[in-house]
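Right, one structure below, let's go through it.
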DNA sequence: TTCGCCCCTTGATCTGCATCAAGGACCGGA
DNA sequence: TCCGGTCCTTGATGCAGATCAAGGGGCGAA
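Protein chains in written order, with the working numbering: chain B, 68 to 315; chain D, 68 to 315.
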């Protein structure tokens, strides 16, 4: 979450997120060249599991296109999503051999991968990579803490409103369109995935979306296409103090 | 959370956590000397607020002794703890000017502080610091994700059992005593603070602790002193898959 | 065109935890 | 010794969201 660096920031960069958005370390050329040499691409189909928790994972990667999730599962099947990976987000942990979470592609996904060992060696040689990764990880930690407030203290209605706001913000540079003051977003998740994100059941998700729709906070075309006539109203429903830097 | 490096790992280190446990970067001498020059100590009384969310925070720091918490508060007063800082844990974010959370001392706390600017300059010069901070932040992120599973999907009873297990583990090198196979821990939090940690009310916390006590999962002396006769049993109550590396 | 599979919606009922309320244990100060 | 405050426990009641259940819409395959 929250690992994006605006596309506009480094216009000279190319198509791989690690390079142009994730750990490009301000586009310093030699680092780019080195990273360039060890990267490779992998694609996954919608629904495909990228790694299972506990499996060996010998690469780190960055999402180029598509959406993936991190989830934890208890023995009895209860599931909680703990990460939502959008383009430019980073997965994997330098210095760890096995995956800690199930990583699943919810849409078709293209990943830009780096074998862990050469990546770690590069990190040792190019300090900016560790600094950039630190910055990204701190952003993720902030997002996780916001998420904890949501899980622990928000009502079902507030959770739904928050999720829509979060997706609207995160997709801002990707899929968001402003149409005369109103925002339009496509929800990239099924009701069940939203439930796993929010710590609810899919029935409750469905009911609360219907309620927000009936009351005019959002409007729906089909099941996924959401129009937000008044973003501030949505934030109010979400229980958020403020916009938190939507357009900062 | 989870930022500890065993005391035994670097016996030659001194008394400041940044130095001997947090970002010592394997005790490389020159880095130590440089860090040594910019550090200073501050102490806080139990109950005192260290920073309010939104305040300017011009230092980063590491807890030397005592316990502090990070909490988020909604406008209507609902509170969620999002971080629990034990000795050796790190607070603050290089590259950010204002605090994102309320930081509160729950016991008397001694912090080892570094003014942000010199610390950031040092980071630029000594790459190992960023690497070490990255490692610590990734540990915190993992802990946050475990916490999200707890908040989103666990029952009140499982939450309490989980919290006791977490504290027992984290205090392992500090306060934990093994007495013939059983463990003894002092809960460093009031019932209300536990409730804020777990996303419950203090009444529910109290009831569930009583229940676990009645069923022999734990025993209590006074309100804070807990004996765990069978740690595996506790983990079972917590819904955890396994010990997760308690003594690893 | 029809079938079958998802995904989603809505209704009825149940229940775990919140809320409201009262009182007990402990402690430090007058 | 009593008093007030803080922290904790326990009981009674209410309600948000889970659970159980039924059915509708869209879409790809036959």
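Every residue gets a Cβ at the ideal spot worked out from N, C-alpha and C, and that includes glycine. A quick note: this is a predicted structure, and the numbers were derived from the prediction, not measured.
For residue 283 (chain D), the nearest beta carbon of chain B is not closer than 8 Å to its own beta carbon. With 16 or more other Cβ atoms inside 10 Å of its own Cβ, residue 226 (chain D) counts as buried. Membership of residue 108 (chain B) in the beta strand (DSSP E) is indicated by the continuous run 106-111.
At a cut-off of 8 Å between C-beta atoms, residue 236 (chain B) does not count as an interface residue with respect to chain D.
Legend: CB atoms of the stretch 271-296 of chain D lying less than 7 Å from CB atoms of chain B are not found in any residue. Between the stretch 165-173 of chain D and the stretch 115-131 of chain D there are three or more C-beta pairs closer than 8 Å, enough to call the two in contact. Looking at the DSSP output, residue 147 (chain B) bridges to B:139.
The straight-line gap separating the alpha-carbon atoms of residue 106 (chain D) and residue 276 (chain B) is approximately 52 Å. Interface annotation for the stretch 194-214 of chain D against chain B: 194, 197, 198, 200, 201, 202, 204, 205, 207, 208, 209, 211, 212, 214, criterion Cβ-Cβ distance under 7 Å.
In this structure residue 155 (chain B) is buried. Its beta-carbon is surrounded by 16 or more other beta-carbon atoms within 10 angstroms. In this structure residue 298 (chain B) touches residue 250 (chain B) by the C-beta definition: roughly 6 Å separates them, less than 8 Å. At a Cβ-Cβ threshold of 8 Å, residue 305 (chain B) and residue 232 (chain B) count as neighbours.
Around the beta carbon of residue 103 (chain D), fewer than 16 other beta carbons lie within 10 angstroms, which makes this residue exposed. Closer than 8 Å to the CB of residue 259 (chain D) there is not a single CB belonging to chain B. Within chain D, the residues whose beta carbon sits less than 7 Å from that of residue 306 (chain B) are 141, listed in sequence order.
In terms of beta-carbon proximity, residue 167 (chain D) lines the interface with chain B, with at least one pair separated by less than 8 Å. With a cutoff of 8 Å on beta-carbon distance, residue 176 (chain D) and residue 108 (chain D) are scored as not near each other. Beta bridge pairing from DSSP links residue 172 (chain D) with D:135. Taking all protein chains in view, the Cβ of residue 222 (chain B) is surrounded by fewer than 16 other Cβ atoms within 10 Å, so the residue is classified as exposed. For residue 216 (chain B), the residues of chain D that pass the 8 Å Cβ criterion are 139, 141, 147, 149, in the order they occur in the chain. Sixteen is the threshold: when 16 or more other Cβ atoms of the shown chains lie within 10 Å of the Cβ of residue 212 (chain B), as they do, the residue is buried. Contact between residue 253 (chain D) and residue 291 (chain D) is confirmed by a C-beta separation of about 5 Å, below the 8 Å threshold. Within chain D, the C-beta atoms nearer than 7 Å to that of residue 162 (chain B) come from 202, in chain order.
Here DSSP, grouped into helix, strand and coil, assigns residue 124 (chain B) to coil. Looking at the DSSP output, residue 182 (chain D) shares a beta bridge with D:126.
Rounded to whole angstroms, residue 302 (chain D) and residue 286 (chain D) show a C-alpha spacing of 15 Å. Between the alpha carbons of residue 184 (chain D) and residue 206 (chain D) lies a gap of roughly 25 Å. Excluding the 5 residues flanking it on each side, residue 238 (chain D) has same chain C-beta neighbours closer than 7 Å at 252, in chain order. For the pair residue 266 (chain B) and residue 267 (chain D), the CB atoms are not nearer than the 8 Å cut-off. The continuous stretches of beta strand (DSSP E) do not include residue 222 (chain B), and DSSP gives it neither H nor E.
In the DSSP assignment, no residue is bridged to residue 256 (chain B).
The beta carbon of residue 279 (chain B) sits closer than 6 Å to the beta carbons of 285 from its chain, once the five residues preceding and following it are set aside; these are given in chain order. Distances from the alpha-carbon of residue 170 (chain B) to those of B:139, B:198, B:187 put B:139 closest. Cβ proximity to chain D below 9 Å picks out nothing from the stretch 102-113 of chain B. Each of D:160, D:126, D:230 was checked against the Cα of residue 204 (chain D), and the nearest Cα belongs to D:160. Neighbours of residue 220 (chain D) in chain B, taken as residues whose beta carbon is under 7 Å from its own, are 141, 145, 147, 266 in chain order.
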